[in-house]
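Structure, as structure tokens:
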DNA sequence: CGAGATTTGTATTGTGGATGAACTTATCGC
DNA sequence: GCGATAAGTTCATCCACAATACAAATCTCG
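Residue numbers (this note's numbering), protein chains in the order written: chain Y, 1 to 407; chain C, 408 to 814.
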């Protein structure tokens, strides 16, 4: 999880001493998790059966969660069966919200999501941030975030945290953005941002855009897909592996540079200085240029050309799809992931890429003859990373609801 | 961890209800972990300071662990400082042992290791298991394991479990070996093996050889390297990523087929049916044949030729090292791992491969200009997977020492 | 329509494990 | 030998969950 950071320890026996209060924390999180994951409202009795706790214990925990506005009680409904009707419990609406922020090449924005999944605020500001000044852009973003937080709090919503998505390599330990090629940013110190309102109150975590988009995808699939690879196609190509409902964040906290998987060692020169990287075949710039279009033009131009049967466009997509398939096949052999979600520009392009990707996967994945490998376009919607950031904040809350309990 | 298997759940709130006994389990494991990780014997007071538990609680926990022969108390030593001398606590020697088993192409064996790291029994039987009959080989292995377990128990050693390493894709959910190309095994049902002595008593987990070798490497480095990539070079090439002291086991429990990373999409045909896989450049067979040697010959032949300056041998190693570097660069870009350990045949070959690997990493790894990336030969010793299997059994014990408490 | 059955949720008492303070044990320094 | 110091133990207390009993709300059936 991008949010959790433990101090480094020498051995495998991580963690800290467990005391009585730890039981509370664990069981609060357990109960809350069951309510959040459920498709329909559940009762205290349901929770007791599902968790193995007694009804008395569940009641005590639920009362705490209701009091702290995390859960809401509905009106009892007659189900037609014998017995006292159950009180339905649901995630509270409009009480607590996570803030998801994003700076990307062509927009910035702020989105607030509550525990029920409702979007309480949504600000998306188009703009060209190519070669922009980080200080200016981030100050603009902070001001808009402060406005949103202020409005929400006036409406009685507690904002519990904020998460910023950036299209680049983030180093959480050094608290800086290492490099975001498409913004033209490098070595941006992020610690100063945490001193600025509203982040001085809310806190702020900064994460790679693909990782947070993957969280949004996970939620969009109703938390039902435990493991998948999210591929974020933009100018660069990011990947985020979700494994057992957790984003695998790379060894040092940043990762997923799928775009710099080598496809052909002596292939075209990539912006990174190496030859034959996936990005040089299947990044947005590479596709647009190969199709004879403006590098900065809208993606729909490429789709339109392809629909017309334009030969250069089709060739660009075939080559991009082929390269993507080669890179994904290696990735699948390494991780055995069985589900691949194509996001970013690959969402709309999926119909054009599909066959080319599938052919390489079929030829190169070891388990292809025996196992199903699903490749699908993303369901996470527009500005997925903004949604994912907000969801990630709420996931942090769900992992430790005791932090929100009234004193 | 290969040993732990939870039932699949829908959401992120994994785990089960925490009750009072959970505190004991957690804190027992915490205390034990500190003793196992320590470089020197520690006292109860040290443990209290390190864990945050009170001395009273630590004492109670340690007494349980001593009683169940997991920890041993030494004689108090005068340290020269004031105060009552501390009782040094160490992992018990010769009381509990894990059994590590392995079937590989040219040998099979059984190794027993205790909590102190001593090898209590070691049986390695050379033999050619190319195209062998799984039933015959596994029956042979079981008989030798039973002998070892019997001898140990006659010496008062409790054997707490067994772990089998196989050079292939293991599917723990279906309880079968899917395929082990170099043994010529495919779709071997492993559940029957669990009914045979001694595994009917000891239990048995089956894991990919590279994953267990990585565990051995982790221990050989004194548990001090939390994250690294272990590369197992044999006829095939496996990889195991250790992340925060845990083996990343792949999404479905098997993984790490580094050997089938595509190096050149139109490269030489690989045994898997695809073209240009790493294995076709840098697998043992590929190297030997390219050097003009017998595919099945000993590795020292290749080293000898290289030492003589034999041109085909040097060319084979250059090409293999180049391909390995290309594949590892993609892997590093995906995971940001900062430490690569070369095991199997790459241990002895490391001096010959080093420069070629490093050149490609330097050219292709995004963070190469800024970050140190260490590539080293393995320290885990011969038959690393056998050691790793035994260690893994003991790690399972350390994670839940309450299971060994006397009733 | 009323008595029993059934299920939900609450109140009460008991238990296990950690805490914290006081106590005992063993050594050092003077 | 005596105080200081540190390790380890004893014991009363607290806290969270378990178990049991009970109250509340609905259905079923005579």
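In this text, a Cβ means the ideal position worked out from N, Cα and C, and glycines have one as well. Computed from a predicted structure; not experimentally measured.
I'd like to confirm the pairing. Which residues does DSSP put opposite residue i in its beta bridges?
i: residue 592/C; result: 587/C
i: residue 509/C; result: 516/C, 572/C
i: residue 121/Y; result: 112/Y
i: residue 419/Y; result: Not covered by the structure: residue 419/Y. The range shown for chain Y is 1 to 407.
i: residue 126/Y; result: 107/Y
i: residue 682/C; result: 676/C
i: residue 578/C; result: 583/C
i: residue 159/Y; result: 97/Y
Taking 7 Å as the CB-CB cut-off, is residue i touching chain C?
i: residue 326/Y; result: yes
i: residue 270/Y; result: no
i: residue 27/Y; result: yes
i: residue 330/Y; result: yes
i: residue 265/Y; result: yes
i: residue 23/Y; result: yes
i: residue 104/Y; result: no
i: residue 234/Y; result: no
Would a check of beta-carbon distances place residue i closer than 7 Å to chain Y?
i: residue 771/C; result: yes
i: residue 557/C; result: no
i: residue 379/C; result: This structure leaves residue 379/C out entirely; chain C is present only between 408 and 814.
i: residue 424/C; result: yes
i: residue 763/C; result: no
i: residue 406/C; result: For residue 406/C there is no data in the structure shown, the boundaries of chain C being 408 and 814.
i: residue 419/C; result: Because the pLDDT of residue 419/C is 39, which lies under 50, any placement of that residue in the model is unreliable, and the question is left without a value.
i: residue 589/C; result: no
i: residue 664/C; result: yes
Taking the beta carbon of residue i as the centre, do at least 16 other beta carbons fall within 10 Å, making it buried, or is it exposed?
i: residue 667/C; result: buried
i: residue 537/C; result: exposed
i: residue 481/C; result: exposed
i: residue 436/C; result: buried
i: residue 671/C; result: buried
i: residue 234/Y; result: buried
i: residue 568/C; result: buried
i: residue 559/C; result: buried
i: residue 114/Y; result: buried
i: residue 433/C; result: buried
i: residue 616/C; result: buried
i: residue 762/C; result: exposed
i: residue 492/C; result: exposed
i: residue 612/C; result: buried
i: residue 309/Y; result: exposed
i: residue 757/C; result: buried
i: residue 483/C; result: exposed
i: residue 541/C; result: buried
i: residue 549/C; result: buried
i: residue 388/Y; result: buried
i: residue 408/Y; result: This structure gives no information on residue 408/Y, because the portion of chain Y shown stretches from 1 to 407.
i: residue 207/Y; result: buried
i: residue 120/Y; result: buried
i: residue 599/C; result: exposed
i: residue 295/Y; result: exposed
Less than 6 Å between the CB of residue i and some heavy atom of the ligand NAP, yes or no?
i: residue 635/C; result: Of the ligands one can find in the structure shown there are none, so the ligand NAP has no counterpart to examine.
Please give me, in chain order, every unbroken run of the beta strand (DSSP E) with length at least 3 that falls completely inside the segment 695 to 719 of chain C.
none
Which residues, in order along the segment 612 to 635 of chain C, keep a beta-carbon less than 8 Å from a beta-carbon of chain Y?
630, 631, 633, 634
At 3 residues or longer, and completely inside the segment 614 to 675 of chain C: list those beta strand (DSSP E) runs for me, N to C.
635 to 640, 644 to 650, 653 to 655
Pull out every residue of the segment 296 to 316 of chain Y whose Cβ sits closer than 8 Å to any Cβ of chain C, in chain order.
none
At 3 residues or longer, and completely inside the segment 325 to 405 of chain Y: list those beta strand (DSSP E) runs for me, N to C.
339 to 344, 374 to 377
What are the start and end residues of each continuous beta strand (DSSP E) run of 3 or more residues lying completely inside the segment 27 to 99 of chain Y, in chain order?
71 to 73, 89 to 91
Where the segment 678 to 695 of chain C meets chain Y: residues whose CB sits under 7 Å from a CB there
679, 681
To be precise: take each residue of the segment 440 to 463 of chain C, compare its Cβ to all Cβ atoms of chain Y, and keep it if any distance is under 8 Å. Which residues remain?
440, 441, 443, 444, 458, 459, 460
Of all the residues that make up the segment 505 to 536 of chain C, which are near chain Y by a beta-carbon distance shorter than 9 Å?
none
Tell me which residues of the segment 573 to 598 of chain C have at least one Cβ-Cβ distance to chain Y shorter than 9 Å, keeping chain order.
576, 585, 586
If you measure beta-carbon to beta-carbon, which residues of the segment 471 to 487 of chain C are closer than 9 Å to chain Y?
none
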